[in-house]
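If you read the protein sequences in the order shown, they are chains A, B, C and D. With the numbering used here, the residue at position 278 of the first sequence is 839, and numbering never jumps. With the numbering used here, the residue at position 93 of the second sequence is 654, and numbering never jumps. With the numbering used here, the residue at position 174 of the third sequence is 735, and numbering never jumps. With the numbering used here, the residue at position 364 of the fourth sequence is 925, and numbering never jumps.
Number of protein chains: 4
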Amino acid sequence: MQVKAIKIATSSPDDVSQLTKYMDDGTINPADVICIIGKTEGNGGRNDFTRDLAMSAFESLFSARLGISRQEVIDRIIFSLSGGCEGVVSPHIVVFSKSGETLTDKRKEKRLAVGIGFTRAFAPNEIGRVAQVEETARVIMQIVSDLKVESNSDVHLIQMKGAIPKFTYEEGLDAAKSGKPIRSDMVFSRGASALGAALALGEVKPTELNDDVICNDWNLYSTTASCSAKPGLERTEIMVLANSPYWDGDLMIEHGILKDMLDTKSVIDVLAKLNIDCNLQLTAKQAEKIVGVFAKSEADPRGTIHGRRATMLTDDDISDTRYSRCVLGAVLSSVLYDPTVYISTRAEHHGPCGGGTLAIIAKQE
Amino acid sequence: MQVKAIKIATSSPDDVSQLTKYMDDGTINPADVICIIGKTEGNGGRNDFTRDLAMSAFESLFSARLGISRQEVIDRIIFSLSGGCEGVVSPHIVVFSKSGETLTDKRKEKRLAVGIGFTRAFAPNEIGRVAQVEETARVIMQIVSDLKVESNSDVHLIQMKGAIPKFTYEEGLDAAKSGKPIRSDMVFSRGASALGAALALGEVKPTELNDDVICNDWNLYSTTASCSAKPGLERTEIMVLANSPYWDGDLMIEHGILKDMLDTKSVIDVLAKLNIDCNLQLTAKQAEKIVGVFAKSEADPRGTIHGRRATMLTDDDISDTRYSRCVLGAVLSSVLYDPTVYISTRAEHHGPCGGGTLAIIAKQE
Amino acid sequence: MQVKAIKIATSSPDDVSQLTKYMDDGTINPADVICIIGKTEGNGGRNDFTRDLAMSAFESLFSARLGISRQEVIDRIIFSLSGGCEGVVSPHIVVFSKSGETLTDKRKEKRLAVGIGFTRAFAPNEIGRVAQVEETARVIMQIVSDLKVESNSDVHLIQMKGAIPKFTYEEGLDAAKSGKPIRSDMVFSRGASALGAALALGEVKPTELNDDVICNDWNLYSTTASCSAKPGLERTEIMVLANSPYWDGDLMIEHGILKDMLDTKSVIDVLAKLNIDCNLQLTAKQAEKIVGVFAKSEADPRGTIHGRRATMLTDDDISDTRYSRCVLGAVLSSVLYDPTVYISTRAEHHGPCGGGTLAIIAKQE
Amino acid sequence: MQVKAIKIATSSPDDVSQLTKYMDDGTINPADVICIIGKTEGNGGRNDFTRDLAMSAFESLFSARLGISRQEVIDRIIFSLSGGCEGVVSPHIVVFSKSGETLTDKRKEKRLAVGIGFTRAFAPNEIGRVAQVEETARVIMQIVSDLKVESNSDVHLIQMKGAIPKFTYEEGLDAAKSGKPIRSDMVFSRGASALGAALALGEVKPTELNDDVICNDWNLYSTTASCSAKPGLERTEIMVLANSPYWDGDLMIEHGILKDMLDTKSVIDVLAKLNIDCNLQLTAKQAEKIVGVFAKSEADPRGTIHGRRATMLTDDDISDTRYSRCVLGAVLSSVLYDPTVYISTRAEHHGPCGGGTLAIIAKQE
């Protein structure tokens, strides 16, 4: 079994021309594709229709190539599109495909392994509460187990699309009156999903968890989570990326945490673990080895960075989500040379307060 | 003669509390102050009133301390306030004061020297044309000469507030009809000012100049200019910062060009010339040596960076001026540790196309 | 006793040139000024510094004219500046001054009467709760009583600057844990202030009030409130405008509620009560009679208007506060001819859900 | 021959659910559809992808229903989608279909007639010049002639998508040097298209036209044009809407000019010509008669409205295009009751300076 991950720059949200060429020339077998993660150039907010436009193009393409309906395309492949290409962040997709059989014998160097799974459908009043954390952790542990990794420390990225089941205005009022308000929103779904990842990998203990710590106690966090939440989604979609000696190919993944949005040292460290030597900025040639960069950004809620006042959180013209993606995108690109980086914003329980998580996939020789 | 330059973080555009304290405790003598350069937290555009708010506070303070009118404050001190603290860029001011006599004997190490001057008032039809370039160059050469620098290569920053004299709608129409449209706007005033700096220091030859190359031939540029232009201003205000063996104190200035907005290598090089050793990010302690960072940012007009598409120039929700300040501010801060950096945007003839200029002032031991 | 109200268009937030002229020529006696209400051209949000810039100019002017300190200016005169001149809304101020003695005999027609007052300082945990409502009502009733109005129906505008006392992060956490979270924010302070006005004038009964209905049960509302809330303010500043037979002058005030942001019929009705006949749009000459227009705008939380979907609340590029001021400003201006209207946004308990309050002051012959 | 025009509210840019139902129940015959005009909820700028998303949905639907390719759909039907639903403007489409034969005998009342046509492909250097005006006029006159209208005064709306052929950076430089700079941009293409409409209908005389008056002499204008321009489009797409006695159905169209964005009187006048009596605001029932409202909005370049300063043009946070659509949309909706109005912005030579054009289609009994 081996994973291919191919990065493709896009000229617009619905640009599938290069992906189509790769299908035509055999580089990508549409039947093997398991996931597409990408950045589109909208505002990343509620009225960001670039993700829908991209989905429309992907559904058309895969539907035609695989001879299945658009709904079947969505059921078969995980699409994780994040809007917001602020500053230098360049629109692109990373296409993951999987083929072959699991190795029966261990190989010497571990290689990128990818597994996917889904939680059960959540009730609105489970979101942002321990129920969501535990179910998320259960599914992650199951996927990890199937991947045949040697240790939890070989798991490097848990990419999630978090559930936000709908509820009526009346249900909301009733829940509020009962003293247990519904938390089915982006903030809580992201936060509980990240804690699910932390619980699954032993970074947080069950005894540390209760409803009150979620989106409150920032000392509890995952080092591998990357969750966006999607209104209307009933179950959380989960993709686990790890290194396993039972998987083949030429890709490896590593991760680290960003202590803050200027933490270039941690980027260098992750590169080193991928056998890429960098002390300031990769060369163009080195940059070609990197096929995926996945980071969470966040404007520090304390309103400072390196002891200085930042104004991101009090600017009512431009959202902090746009600023923080712009900042981290610029900093990562300044180290990695290539600005096709995936930055997703707001990082509740994703790394320490004001920081975030970072995972990088690179080719090995 | 020596220059003091003190950096002060501000809690709002009109925060002069720390400046007042420094006056009270003798750290800053208001009578010695020659210039204040700073970043305020507005949008940097036409409706950015944070600069006016800051000016109101400065005028009140200096007027009271020096016993002069507000107009006299403005005539005496150059205020160069740039709006736009996007991302991590942190609001601050750098207060320059000058005291003592010019040394009659050379000292061993050169030290920061600062001179100011003003062009004559421009007619609207001179702006963005050779007339503006030549007059700007003339004044710069005069200031440089007065500073007693050993060579043009000791000049590191030419900070300018460019003239944009007003003209009537009818004058504009008449000029357009005559085939020589009025260029009295920000773009042309910045561009011609930068070429004035380049001409003064020999970076551009007189024979290379004519009206058509201004804001057109980007191969012509200054490596030391930093110009903002101000509607209504009739003459250009100029401040030259250089190193001279006839000046005393503990400050030095160096400069470089940024090839693009991710060019961290050039930052490292400037630091090295200031005797500050850095390979990735300064320590907090090292960062304390730096009292001023002055850079020009620009979204590359070709729409790419490192070969990848950037969307800054086609985003109609957020201006490229805000994005480019955010990007360069993040990148500089990631190297310099401290996000109190002065970034001014749009860099016509300031460094190469898509790049900009950078000057840093640091304490020497 | 009589009230003068003079509307002055401004060319920038700190433009006091016309106000200065009026002081010079005796039109306005600075010692008589009790209140200035105005619109400045910022974003109306947290980083709107146009109000500070305006305050700086007002404080300078009145301090010089009255020979008092800036602090005394603020203590003496109520300044109610609202940022946000979206669309056609034109920056302006209305200067209220009061002079003469209260009439001992009733006059035939009632005339504009103005009274001001202040609540006691609030504790953070009182804001948005019944304590704030009751104290606000108490002060309003006291002011109304002092004005010698004949009936509550003669009260037409209760302009308030609502308190938002500060609290520490820890106090916030403790309060949340205790089950009674601190509500000291703009939404709750505006909402409770409006309910205070409703309670004072009998529009809401004491028995209908408890902490849970505040910012929840939109059927409870004031028809005369216009409250903005200001972070850091400890007591609510209140100005009551009414018609009284014991007051002199040539001004009258009337009010109505706007059922929604397109409710032109209600504007016509208020004009009629002011003896101004209008069926579509005032003439320029009629418009000169109007010296003040005060309205609250709100994007309907149900996301529709006249049964059609509105997108104001889901646009993450532009705030609904800016949209709603733009919409109501345009609609009012289309009826009133003159776009110098004061629109303040978010209208919790100010008129019905999705609507707002409207008061107009006009000269009488 | 008769035209059906059906207005459909949409719940998102790609919402074709109601259109699909109308096809299913026979209300709309897909083979008869000639044009869809609509508003989508993007920013109306360069990065507004909502139009592409809508197009994707329309192409899918018509391609499936008509058994033709997506390209054939585009070649067959004119889609005129305008981004920007600011304030109350509600996303919707108007679907025009045409069926039957031209009447051989005149009917008593004239009815809505619609014709479409295309200019030849333009060279970049023709745009914004007399060549574009004349070719546009030629095609309009041809369409008008085919419609069998009795007089030019029966033509009420000339809806155009203006050509903006591409050119290389080098071609641009060469043209600039030759003294005849390329004008192939939105401003000039809209302006010249509108003048084409004016020329075709005799509102502007051939002798009044030369390259210099285009986008310069605002006294020359069309009263019926509504043009948006599209980068990359090589030929201008034109739709003429008129009343003709040789056309059947129950629809009529009328038009007027808006003197400024607050000109409600002109709206009332157009309604009167459509036999709809209104003095302030239509009732919900009256509003049902109206199937299409098409207006051009513009922030007055002189920076004032009704003699008061407007700040729309100097706000660098929000574009004047968004403000002007918001303002006119609110004003029209306040008269017409229903906010499903089509507002397209920037109105060069569309009505007088600071004003615009307005056409309304309504059912007749």
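Note that beta-carbon positions come from the ideal geometry of N, C-alpha and C, so glycine has one too. These numbers were taken from a predicted model, which means no experiment stands behind them.
{"Item": "Within 8 Å, strictly: CB atoms of residue 659 of chain C and residue 593 of chain C", "Value": "yes"}
{"Item": "Beta carbon of residue 803 of chain C nearer than 8 Å to that of residue 902 of chain C", "Value": "no"}
{"Item": "Interface residues of chain B facing residue 643 of chain C [CB-CB closer than 7 Å]", "Value": "Neighbours of residue 643 of chain C on chain B: none; closest Cβ ~15 Å, over 7 Å."}
{"Item": "N-terminal and C-terminal residue of the alpha helix (DSSP H) that residue 582 of chain B is part of", "Value": "578-585"}
{"Item": "With 16 other Cβ atoms within 10 Å as the buried cut-off, status of residue 687 of chain C", "Value": "buried"}
{"Item": "Minimum C-alpha distance to residue 577 of chain A - residue among A/595, A/614, A/604", "Value": "A/614"}
{"Item": "Ranges of the beta strand (DSSP E) found wholly within the region 788-850 of chain B, counting only runs of at least 3", "Value": "798-805, 812-819"}
{"Item": "Alpha-carbon spacing of residue 711 of chain A relative to residue 807 of chain A, whole angstroms", "Value": "9 Å"}
{"Item": "Neighbour flag for residue 534 of chain D against chain A, beta carbons, 8 Å", "Value": "Chain D is shown from 562 up to 926; residue 534 of chain D falls before or after that span and cannot be answered."}
{"Item": "Proximity test, Cβ basis, 8 Å: residue 634 of chain C and chain D", "Value": "no"}
{"Item": "Exposure label - residue 907 of chain B; buried when at least 16 CB within 10 Å", "Value": "buried"}
{"Item": "Segments assigned alpha helix (DSSP H), at least 4 residues, entirely inside the region 583-665 of chain B", "Value": "611-627, 631-637"}
{"Item": "Pair within 8 Å by beta-carbon distance, residue 750 of chain A and residue 725 of chain A", "Value": "yes"}
{"Item": "Residue 838 of chain C, buried or exposed, once every other Cβ within 10 Å from all chains shown has been counted against 16", "Value": "exposed"}
{"Item": "Interface residues of chain D facing residue 905 of chain B [CB-CB closer than 8 Å]", "Value": "The premise fails here: residue 905 of chain B is roughly 15 Å from chain D at the closest Cβ pair, so nothing lies under 8 Å."}
{"Item": "8 Å contact criterion, which residue 598 of chain C and residue 641 of chain C should meet: CB distance rounded", "Value": "4 Å"}
{"Item": "Collapsed DSSP secondary structure at residue 903 of chain B in the structure displayed", "Value": "strand"}
{"Item": "Within-8 Å CB hit, residue 608 of chain A to chain C", "Value": "yes"}
{"Item": "Beta strand (DSSP E) runs contained entirely in the region 669-721 of chain D, provided each spans 3 or more residues", "Value": "672-679"}
{"Item": "Beta carbon proximity, residue 614 of chain D to chain A, threshold 8 Å", "Value": "yes"}
{"Item": "Euclidean distance between Cα positions of residue 873 of chain D and residue 797 of chain A", "Value": "44 Å"}
{"Item": "Beta bridge counterpart(s) of residue 911 of chain D as assigned by DSSP", "Value": "D/783"}
{"Item": "For residue 916 of chain A and residue 835 of chain A, believed in contact at Cβ under 8 Å, the rounded distance", "Value": "Wrong, their Cβ atoms sit about 20 Å apart, outside the cutoff."}
{"Item": "Under 9 Å from the C-beta of residue 575 of chain A: neighbouring residues of chain D", "Value": "610, 613, 614, 617"}
{"Item": "Opposing strand residues paired with residue 725 of chain A [DSSP bridges]", "Value": "A/792"}
{"Item": "DSSP-derived helix/strand/coil call for residue 852 of chain A", "Value": "strand"}
{"Item": "Proximity below 8 Å, CB of residue 651 of chain A to CB of residue 886 of chain B", "Value": "no"}
{"Item": "Cβ-heavy atom distance, residue 715 of chain B to the ligand PLP, below 7 Å", "Value": "Summarising the ligand content, the structure contains no ligands, and the ligand PLP is consequently not present."}
{"Item": "Residue environment, residue 647 of chain B, which counts as buried when at least 16 other CB atoms sit within 10 Å", "Value": "buried"}
{"Item": "Buried or exposed (CB count within 10 angstroms, at least 16 for buried), residue 600 of chain B", "Value": "buried"}
{"Item": "Nearest-angstrom beta carbon gap, residue 649 of chain B and residue 866 of chain A [assumed within contact, 8 Å]", "Value": "5 Å"}
{"Item": "According to DSSP, residues forming a beta bridge with residue 919 of chain C", "Value": "C/817, C/856"}
{"Item": "Short-range partners of chain C found in the region 868-902 of chain B, where Cβ spacing is below 7 Å", "Value": "878"}
{"Item": "Cβ distance (whole Å) where residue 831 of chain D is taken to contact residue 922 of chain D below 8 Å", "Value": "About 11 Å separates the two Cβ atoms, so there is no contact after all."}
{"Item": "Bounding residues of the beta strand (DSSP E) (the contiguous stretch that carries residue 565 of chain B)", "Value": "563-570"}
{"Item": "Whole-number beta carbon distance between residue 855 of chain A and residue 787 of chain A, since they are thought to touch under 8 Å", "Value": "5 Å"}
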